[in-house]
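S.K.:
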Amino acid sequence: MKIAIAGFDTEGVSSFSYFSTSKNTLTILDQDSAKQIPAGANAILGKDYLQDLGRFDLIVRTAGLPPRTIFDANPSLSPDKITSQINEFFRLSPTRNIIGVTGTKGKGTTSTLIANMLIADGKDVHLAGNIGVPALSLLPKLTVDSWIILELSSFQLSDIKHSPNIGVCLMVVPEHLNWHDDFLDYTSAKAQMFARQTVTDTAIYFAENSASKAIATSGHAAAIPYFAEPGATVSGDTIMIDGQEICEISEIKLLGAHNLQNVCAAVTCVWQITQDIPAIRSVLTTFSGLEHRLEHVAEIDNIRYYDDSFGTTPETAIVAMQAFAAPKILLLGGSDKGASYVDLAAAVQSSNVKHVLLLGDQASRIQAELEAVGYNDFAAGGESMTEIVANAQQLAASGDVVLLSTACASFGMFKDYKDRGDQFKASVLALRPATGSAYGANSF
Numbered sequence: 047m048k049i050a051i052a053g054f055d056t057e058g059v060s061s062f063s064y065f066s067t068s069k070n071t072l073t074i075l076d077q078d079s080a081k082q083i084p085a086g087a088n089a090i091l092g093k094d095y096l097q098d099l100g101r102f103d104l105i106v107r108t109a110g111l112p113p114r115t116i117f118d119a120n121p122s123l124s125p126d127k128i129t130s131q132i133n134e135f136f137r138l139s140p141t142r143n144i145i146g147v148t149g150t151k152g153k154g155t156t157s158t159l160i161a162n163m164l165i166a167d168g169k170d171v172h173l174a175g176n177i178g179v180p181a182l183s184l185l186p187k188l189t190v191d192s193w194i195i196l197e198l199s200s201f202q203l204s205d206i207k208h209s210p211n212i213g214v215c216l217m218v219v220p221e222h223l224n225w226h227d228d229f230l231d232y233t234s235a236k237a238q239m240f241a242r243q244t245v246t247d248t249a250i251y252f253a254e255n256s257a258s259k260a261i262a263t264s265g266h267a268a269a270i271p272y273f274a275e276p277g278a279t280v281s282g283d284t285i286m287i288d289g290q291e292i293c294e295i296s297e298i299k300l301l302g303a304h305n306l307q308n309v310c311a312a313v314t315c316v317w318q319i320t321q322d323i324p325a326i327r328s329v330l331t332t333f334s335g336l337e338h339r340l341e342h343v344a345e346i347d348n349i350r351y352y353d354d355s356f357g358t359t360p361e362t363a364i365v366a367m368q369a370f371a372a373p374k375i376l377l378l379g380g381s382d383k384g385a386s387y388v389d390l391a392a393a394v395q396s397s398n399v400k401h402v403l404l405l406g407d408q409a410s411r412i413q414a415e416l417e418a419v420g421y422n423d424f425a426a427g428g429e430s431m432t433e434i435v436a437n438a439q440q441l442a443a444s445g446d447v448v449l450l451s452t453a454c455a456s457f458g459m460f461k462d463y464k465d466r467g468d469q470f471k472a473s474v475l476a477l478r479p480a481t482g483s484a485y486g487a488n489s490f
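Take 47 as the starting number for the sequence shown in the working numbering and just add one per residue.
(1) Whose C-alpha, out of Thr314, Leu91, Thr358, is nearest the C-alpha of Phe273?
(2) Assign Asn143 to buried or exposed, taking buried as 16 or more other Cβ atoms, counted over all protein chains shown, within 10 Å of its Cβ.
(3) Quick one: is Asn70 buried, meaning 16 or more other Cβ sit within 10 Å of its Cβ, or exposed?
(4) Out of Ala119, Ile194, Ala109, Gln131, state which residue places its alpha-carbon closest to the alpha-carbon of Thr141.
(5) Can you give the beta carbon distance from Leu475 to Val316, rounded, assuming they're within the 8 Å contact cut?
(6) Assuming Ala181 and Phe240 are in contact, meaning their beta carbons sit under 8 Å apart, how far apart are those beta carbons, in whole angstroms?
(7) Using the Cα positions of Phe490 and Ser122, report the straight-line distance between them to the nearest angstrom.
(8) Just to confirm the assignment, what range does the alpha helix (DSSP H) spanning Glu433 have?
(9) Three or more beta-carbon pairs under 8 Å between the stretch 406 to 423 and the stretch 388 to 398, yes or no?
(10) Could you spell out where the beta strand (DSSP E) holding Arg350 opens and where it closes?
(11) State the start and end residues of the unbroken alpha helix (DSSP H) segment that holds Phe65.
(12) By the three-class DSSP mapping on this structure, what secondary structure does Leu377 have?
(13) Please go through the same chain and pick out, in chain order, the residues whose beta-carbon is closer than 6 Å to the beta-carbon of Ser281, but skip the five residues on each side of it.
(14) Where do the ends of the alpha helix (DSSP H) carrying Thr414 lie?
(15) Counting beta carbon pairs with one atom in the stretch 239 to 259 and one in the stretch 415 to 432, are three or more of them shorter than 8 Å?
(16) For the putative contact between Asp354 and Arg339, defined by C-beta atoms under 8 Å, what is the C-beta separation to the nearest angstrom?
(17) On the DSSP letters alone, give me the boundaries of the alpha helix (DSSP H) that Ile116 sits inside.
(18) According to DSSP, simplified to helix, strand and coil, what is Ala235?
(19) Quick check on Lys81: does DSSP put it in helix, strand or coil?
(20) Identify every residue that forms a DSSP beta bridge with Gln290.
(21) Between which two residues does the beta strand (DSSP E) harbouring Tyr272 extend?
(22) Quick one: is Leu377 buried, meaning 16 or more other Cβ sit within 10 Å of its Cβ, or exposed?
(23) Nearest to Leu330 by CA position, among Thr158, Asp205, Met431, is which residue?
(24) Where does Lys151 land, buried or exposed, given buried means 16+ other C-beta within 10 angstroms?
(25) Per DSSP, Thr279 is paired with what?
(26) DSSP puts Ser124 in a beta bridge; with which residues?
(27) Between the stretch 434 to 441 and the stretch 360 to 380, do at least 3 Cβ pairs fall closer than 8 Å?
(28) Buried or exposed for Asn488, going by 16 or more other Cβ atoms inside 10 Å?
(29) Per DSSP, which one or two residues make a beta bridge with Arg107?
(30) Could you compute how far the alpha carbon of Cys293 sits from the alpha carbon of Asp167?
(31) Runs of 3 residues minimum, wholly inside the stretch 284 to 338: which ones carry the beta strand (DSSP E) assignment?
(32) Taking all protein chains shown into account, decide if Arg137 is buried (16 or more other Cβ within 10 angstroms of its Cβ) or exposed.
(33) Report, in whole angstroms, the separation of the C-beta atoms of Val218 and Ala257, which I expect to be a contact under 8 Å.
(34) Using the Cα positions of Ser483 and Lys81, report the straight-line distance between them to the nearest angstrom.
(35) Look up Asp345 in the DSSP assignment and give the residues it is bridged to.
(36) Apart from the five residues just before and just after Gly149, which ones in its own chain have a Cβ nearer than 8 Å to its Cβ?
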């Protein structure tokens, strides 16, 4: 079979490895003419990499490559020729115990909570998808009794042909509008995860978000809300479900009130599988979060530094600000994702933000919105992360928080959000004296 691996990122590398058999002839396609490829591999690199795909029997699309881009270059191409890691995984998986988690933000945290709770319950659990583990790499490890948790982005869901046994839709707000045509296109992609669910499946949604409910109820599954009964709720100072106390909020390690939504989503999901309260509680009282999600980096001269580089939308920057009562030095800006900064500016004005350092090509747009609400304590961040962090340190006083939560994508100054966060952490840690404090993960 002639197979094209369209896009040679982490997922593409995994697809190349999986389909490399004596029965297949593989060709790597990538727009980066300098892309490093395996020795001896067939490859078409550069701007014309998607031309004449009809000659292939199968095209394995990497998640970041929109299907419409393929069809724009090949108008007569049959859709049946295009597949993806996620579609192939559903087709080949020996287990039907598959949980899909989607939404705008919180997917990684919620997926990890679910996985850890099921592990604590004694199950064979595997976590993959958008969290960074290619799904096809799991296949050799799975049995019919395995449990799979897939973190699924709109990129992965845009042409999915299968639905999980349990689907979880977190809060959905406008995102990736530089990839999708509009918000409807974005939500329609999310809804694909639920479209083929049946009455024996389960769809879990955020009770306080109409888009989440509309997406999760687009199929035929039994729909269960979280943050409202009969799903997990916050009752006073306690997480509750089915009249059972799970744990006190003060015991939860995750930072930020917004993470109570992720906790309730995870508890609601796991409750459909097991009611093992000690297992669920053990995870909530020990899991402190994922890297670059409100991650505590260091405390230097009584100034706390937090890396929320994963937060690439105005909405996530707002909830990050609201996680801290202390005065804040906020690092905002980056590359454009088609978002509005009107609500962000209002939140800055009302969230005890002492200074804003503006970064990247969205600096002028954010500045204009800040000025429109009467906020003027902003300045240019700098030309490098080292300079940005040094400027933030100069502006901060004892008791303040320096928060990297940019409301924007990272491309331009940085390779991606991980590179941005890593550079922030390295620059912060360089400020410490030799005996300074270490850093550790918190959450988003």
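Note that CB positions come from ideal geometry on N, CA and C, so glycine has one too.
M.R.: To lay it out plainly:
(1) The residue labelled residue 273 in the question sits at position 227 within the sequence shown. Cα-wise, what sits closest to Phe273 is Thr314.
(2) Taking the first residue of the sequence shown as 1, we reach residue 143 at position 97. With 16 or more other Cβ atoms within 10 Å, it is buried.
(3) Working through the sequence shown from its first residue, we reach residue 70 at position 24. Answer is exposed; the Cβ neighbour count stays below 16.
(4) Start at 1 with the first residue of the sequence shown, and residue 141 comes out as number 95. Nearest C-alpha to Thr141: Ile194.
(5) Position 429 of the sequence shown, counting from 1, holds the residue named residue 475. Position 270 of the sequence shown, counting from 1, holds the residue named residue 316. Val316 and Leu475 do not touch by the CB rule: their CB atoms are close to 36 Å apart, not below 8 Å.
(6) As a working mapping, residue 181 is identified with position 135 in the sequence shown. As a working mapping, residue 240 is identified with position 194 in the sequence shown. Actually they do not touch by this definition, with Cβ atoms about 18 Å apart.
(7) Position 444 of the sequence shown, counting from 1, holds the residue named residue 490. Position 76 of the sequence shown, counting from 1, holds the residue named residue 122. Bear in mind that a pLDDT of 32 at Phe490, under 50, signals an unreliable position, so the model cannot answer this.
(8) For the purposes of this step, residue 433 is taken as the residue at position 387 of the sequence shown. Counting along the chain, the unbroken alpha helix (DSSP H) around Glu433 starts and ends at 431 to 441.
(9) At 8 Å Cβ cutoff, the stretches touch.
(10) As a first step, residue 350 is located in the sequence shown; it is residue number 304 there, counting from the start. Counting along the chain, the beta strand (DSSP E) containing Arg350 begins and ends at 349 to 353.
(11) Here residue 65 refers to the residue found at position 19 of the sequence shown. Here the alpha helix (DSSP H) through Phe65 covers 56 to 65.
(12) Numbered from 1 along the sequence shown, position 331 holds the residue referred to as residue 377. In the three-state reduction of the DSSP assignment, Leu377 falls in the strand class, which pools E and B.
(13) For the purposes of this step, residue 281 is identified with residue 235 of the sequence shown, where counting begins at 1. Non-local C-beta neighbours of Ser281 in its own chain, meaning closer than 6 Å and more than five positions away in sequence, are absent.
(14) By 1-based counting over the sequence shown, the position of residue 414 is 368. The sequence as given places Ala at residue 414; Thr does not occur at that position. Its alpha helix (DSSP H) spans residues 409 to 418.
(15) Under the Cβ criterion (8 Å, minimum of three pairs), the stretch 415 to 432 does not count as touching the stretch 239 to 259.
(16) Reading the sequence shown from its first residue, position 308 is the one you call residue 354. Reading the sequence shown from its first residue, position 293 is the one you call residue 339. Indeed they touch by this definition, with Cβ atoms about 6 Å apart.
(17) By one-based count along the sequence shown, residue 116 stands at place 70. Taken as a continuous stretch (DSSP letters only), the alpha helix (DSSP H) holding Ile116 covers 113 to 119.
(18) Along the sequence shown, read from residue 1 onward, the residue named residue 235 stands at position 189. When DSSP states are grouped into helix, strand and coil, Ala235 belongs to the helix group.
(19) Your numbering for residue 81 matches position 35 in the sequence shown. Reduced to three states, the DSSP call for Lys81 is coil.
(20) Against the sequence shown, residue 290 aligns to sequence position 244. Looking at the DSSP assignment, Gln290 forms a beta bridge with Ile287.
(21) As a first step, residue 272 must be located in the sequence shown, where it is residue number 226. Counting along the chain, the unbroken beta strand (DSSP E) around Tyr272 starts and ends at 268 to 272.
(22) Numbered from 1 along the sequence shown, position 331 holds the residue referred to as residue 377. Per the 10 Å Cβ criterion, buried.
(23) Here residue 330 corresponds to residue number 284 of the sequence shown, with the count starting at 1. Selected option, being the one with the closest Cα: Thr158.
(24) By one-based count along the sequence shown, residue 151 stands at place 105. When all chains shown are included, Lys151 counts as buried.
(25) Numbered from its first residue, the sequence shown carries residue 279 at position 233. The partner list for Thr279 (beta bridge, DSSP) reads Met286.
(26) Sequence index remark: in the sequence shown, residue 124 carries index 78 (1-based). Under the DSSP definition of a beta bridge, Ser124 lacks any partner.
(27) By the C-beta criterion, the stretch 434 to 441 is judged to be in contact with the stretch 360 to 380, since at least 3 inter-stretch pairs fall below 8 Å.
(28) Mapped onto the sequence shown, residue 488 falls at position 442. Because the pLDDT at Asn488 is just 42, under 50, the model does not fix this residue reliably, and the value given afterwards should be weighed accordingly. A residue is called buried when at least 16 other Cβ atoms come within 10 angstroms of its Cβ; Asn488 meets this threshold and is buried.
(29) By one-based count along the sequence shown, residue 107 stands at place 61. Per DSSP, Ala52, Ser130.
(30) In the sequence shown, the residue the question calls residue 293 occupies position 247. In the sequence shown, the residue the question calls residue 167 occupies position 121. Roughly 17 Å between the two C-alpha positions.
(31) With a minimum length of 3 residues, the continuous beta strand (DSSP E) runs that stay inside the stretch 284 to 338 are 284 to 287, 290 to 294.
(32) Working through the sequence shown from its first residue, we reach residue 137 at position 91. That one is exposed.
(33) Here the question's residue 218 lines up with position 172 in the sequence shown. Here the question's residue 257 lines up with position 211 in the sequence shown. Indeed, because the Cβ distance is near 4 Å, the residues count as touching under 8 Å.
(34) As a working mapping, residue 483 is identified with position 437 in the sequence shown. As a working mapping, residue 81 is identified with position 35 in the sequence shown. Reliability fails at Ser483, whose pLDDT of 44 lies under 50, so the model's placement of it is uncertain and the value that follows must be treated cautiously. Their Cα atoms are separated by approximately 39 Å.
(35) Walking along the sequence shown from the start, residue 345 turns up at place 299. Note that residue 345 is Glu in the sequence shown, not Asp. Looking at the DSSP assignment, Glu345 forms a beta bridge with Arg350.
(36) Translated into the one-based positions of the sequence shown, residue 149 becomes position 103. If we look at Gly149 and ignore the five residues flanking it on each side, its Cβ neighbours are Thr156, Val214, Cys215, Leu216, Met217, Val218, Lys236, Phe252, Ser258.
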